[in-house]
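For the sequence shown, position 214 (counting from the first letter as 1) is numbered 314 according to this note's numbering, and the numbering increases by one without interruption.
A virtual CB, placed ideally from N, CA and C, is assigned to each residue, including glycine.
One structure below.
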Amino acid sequence: MTSVSACPSPAEAFQPRRYRFLIAGLVMAAHFSVGLNLFTISPLLGDVIRDYEINRGSAGLLIALALLVAAGFGLPGGVVISRLGIARSYTVGWWLAGLMTLSFLAPNYLSLLALRLSFGLGLALVLITTGPLLLRWFRPKEVLVMNGLNTAVLSLGIAVAIATAAPLAGILGWQNSLSVFGAIGSVGAAAWTVLGKVPGDSVRKSGSMSIREIPRLIRNRQIVLLLLADGGVLVQYTALTAWLPVFYTEVRGMTPTGAGFATGLLPFIGVFAVLLGGFLPLRFGTPRSYFIWPGILLTIGGPASFLLGSSTGIYLALVMVGIGSWLYVPTLLSRTMELVRNDPERVAVVWGSLLTFSGLGMFVAPIMVGSLRDLTGSYLPGFLISSVAALTLLTAGIAMPRGGVQSPR
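Rendered as structure tokens:
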């Protein structure tokens, strides 16, 4: 295994150091733009179902298949990036995500689905490449801060899109509103193409990992716990984010705008939760506690968000889910970096593995809820199953070792 010392030191990478502030802005812009387009179609599913004359299961595929593409690319993604190079991978990924700009041209369901699949691949490239990119530009403590900021702006992008997609669609039409969010990504991709730089450029071209080495790397017990924890949370988060707007409209009698606003609390609260999650662990608690307490919040808040009928109860439950779904993320990302000794190539592989396991759960979740709704006439079975999946965060926190990290050999 190549040691971390084989990679450029921070001092060597910062040429010039002030340029890293521009890189930080671009990386955060990338996360904001993919957040804008990740679930922006959720409040518009009713319009999509009506205009394209499809069922709810097919509508769920517009979210789920994009996540499946991202998940499928996750495991080999780290190896691909080591061949393609960090800067080039980021460029390709951001442009692919920006193809949602063409939504206004989509004449039918299959064409819109193709754009969503392109977005999924772009999402994977952007997320997987971020870890190695940060290690090239920033010191370890700065990387910790950037992990929190990136996740915060990703959550902010999701919140903005969910809250504004329906009102914007009422003015421009739902296809044009999708294009507006996609265009923001295209503008960012153009900026990165011109201004983006990565010292050392590639993760490593000589001695790169092969796909056969991936299972050996991720079989570490602590990495497995992290994979399960994140995957379970995102099953519930995706199910609720994708279908609560429709559920609140059809079952709770909310307006589409009101339902979008309520569901938008999940990522909006997440912005503040993830910022706290990036700073609190420096002074308070152990890594285990940042899995256990969010796990408790999800155990209570998840079912309450769809079982309670009062507006106050719903909002309180959504706040709990928003905190629980995001507070642990900076600890998760930093923990994975520590487990592979901050090696850029192995960080890419482990982050790709996170994307694969979480993405598979996120792929299944919206299809499951939509299909069970078509079969049973109720959203509750799918929502309840997703809440059971979220118990993995609490379980992983309890099972996590109390001591330091154990790096894979």
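Exercise. Secondary structure at Asn155, three-state DSSP: helix, strand or coil?
Worked result: Residue state, collapsed to three classes: coil.
For this session: Could you tell me which of Trp195, Leu340 and Val134 sits nearest to Pro143, measuring between CA atoms?
Result: Comparing Cα-Cα distances from Pro143 to each of Trp195, Leu340 and Val134, the minimum goes to Leu340.
Exercise. Val148 and Leu162: beta carbons closer than 8 Å?
Worked result: Taking 8 Å as the cut-off, the beta carbon of Val148 is found closer than this to the beta carbon of Leu162.
Problem set entry | Distance CB(Val169)-CB(Leu205) smaller than 8 Å | At a Cβ-Cβ threshold of 8 Å, Val169 and Leu205 do not count as neighbours.
Exercise. Since Gln336 contacts Ser453 with CB under 8 Å, what's their CB separation in whole angstroms?
Worked result: With a Cβ gap of about 20 Å, Gln336 and Ser453 do not count as contacting.
Exercise. Which value, in whole angstroms, describes the spacing of the CA atoms of Pro394 and Leu380?
Worked result: Approximately 13 Å, taken between the alpha carbons.
For this session: Take Leu334 as the anchor and find which of Thr412, Phe281, Ala404 and Ser458 has the nearest alpha-carbon.
Result: Ser458 is the residue among Thr412, Phe281, Ala404 and Ser458 whose C-alpha sits nearest the C-alpha of Leu334.
Problem set entry | Helix, strand or coil at Ala496 according to DSSP, with G and I counted as helix | In the three-state DSSP reduction, Ala496 falls in the helix class (H, G or I).
Problem set entry | Pairwise C-alpha distance: Ile323 and Pro501 | If you take the alpha carbons of Pro501 and Ile323, they lie about 12 Å apart.
Problem set entry | For Lys297 and Leu407, the rounded distance between their alpha carbons | Between Leu407 and Lys297, the C-alpha separation is close to 49 Å.
Problem set entry | Length of the line joining the Cα atoms of Leu484 and Pro403 | Put simply, the backbone Cα of Leu484 is about 7 Å away from that of Pro403.
For this session: Assess, as a yes-or-no matter, whether the segment 218 to 230 is touched by the segment 129 to 138 under the definition of 3 or more beta carbon pairs within less than 8 Å.
Result: Put simply, the segment 129 to 138 touches the segment 218 to 230. At least three CB pairs are less than 8 Å apart.
Exercise. Closest to Ala373 by CA distance: which of Glu153, Leu249, Ala465 and Leu327 is it?
Worked result: Of the candidates Glu153, Leu249, Ala465 and Leu327, the one whose C-alpha sits nearest the C-alpha of Ala373 is Leu249.
Exercise. By DSSP, does Leu256 sit in helix, in strand, or in coil?
Worked result: Leu256 falls in the helix class under three-state DSSP.
For this session: Within 10 angstroms of the Cβ of Pro240, are there 16 or more other Cβ atoms? Answer buried if so, exposed if not.
Result: Answer is exposed; the Cβ neighbour count stays below 16.
Problem set entry | Limits of the alpha helix (DSSP H) - the one that Arg216 falls within | Its alpha helix (DSSP H) spans residues Tyr209 to Trp237.
Problem set entry | From Thr191, Leu145 and Leu167, residue whose alpha carbon lies closest to that of Thr349 | The residue with the shortest Cα to Cα distance from Thr349 is Leu145.
Exercise. Do Leu472 and Gly332 come within 8 Å of each other at the CB atom, strictly closer than that value?
Worked result: No, these two residues do not count as a Cβ contact at 8 Å.
Exercise. With contact counted as at least three CB pairs below 8 Å, one residue from each stretch, are the segment 190 to 200 and the segment 266 to 276 in contact?
Worked result: With a cut-off of 8 Å, the segment 266 to 276 and the segment 190 to 200 do not count as touching, because too few Cβ pairs lie within range.
Problem set entry | Met354 (DSSP reduced to helix, strand or coil) | Residue state, collapsed to three classes: coil.
Exercise. What residue range is occupied by the uninterrupted alpha helix (DSSP H) comprising Phe139?
Worked result: Note, Phe139: premise wrong, no alpha helix (DSSP H); not H, not E.
Exercise. Between Leu167 and Met462, which are expected to be in contact by the criterion C-beta below 8 Å, what is the C-beta distance as a whole number of angstroms?
Worked result: Yes, they are in contact, since the Cβ atoms of Leu167 and Met462 sit about 4 Å apart, within 8 Å.
Problem set entry | Coil, strand or helix - Lys297 by DSSP | Correct three-state label for Lys297: coil.
Exercise. Where does Leu408 sit, in a helix, a strand or coil, going by DSSP?
Worked result: DSSP places Leu408 in coil when its eight states are reduced to three.
For this session: Mind the definition here: the segment 361 to 375 touches the segment 412 to 424 only if three or more C-beta pairs lie below 8 Å; say whether that holds.
Result: Yes: the two stretches touch, three or more of their Cβ pairs being nearer than 8 Å.
Exercise. So what does DSSP say about Asn320, is it helix, strand or coil?
Worked result: Here Asn320 sits in coil by DSSP.
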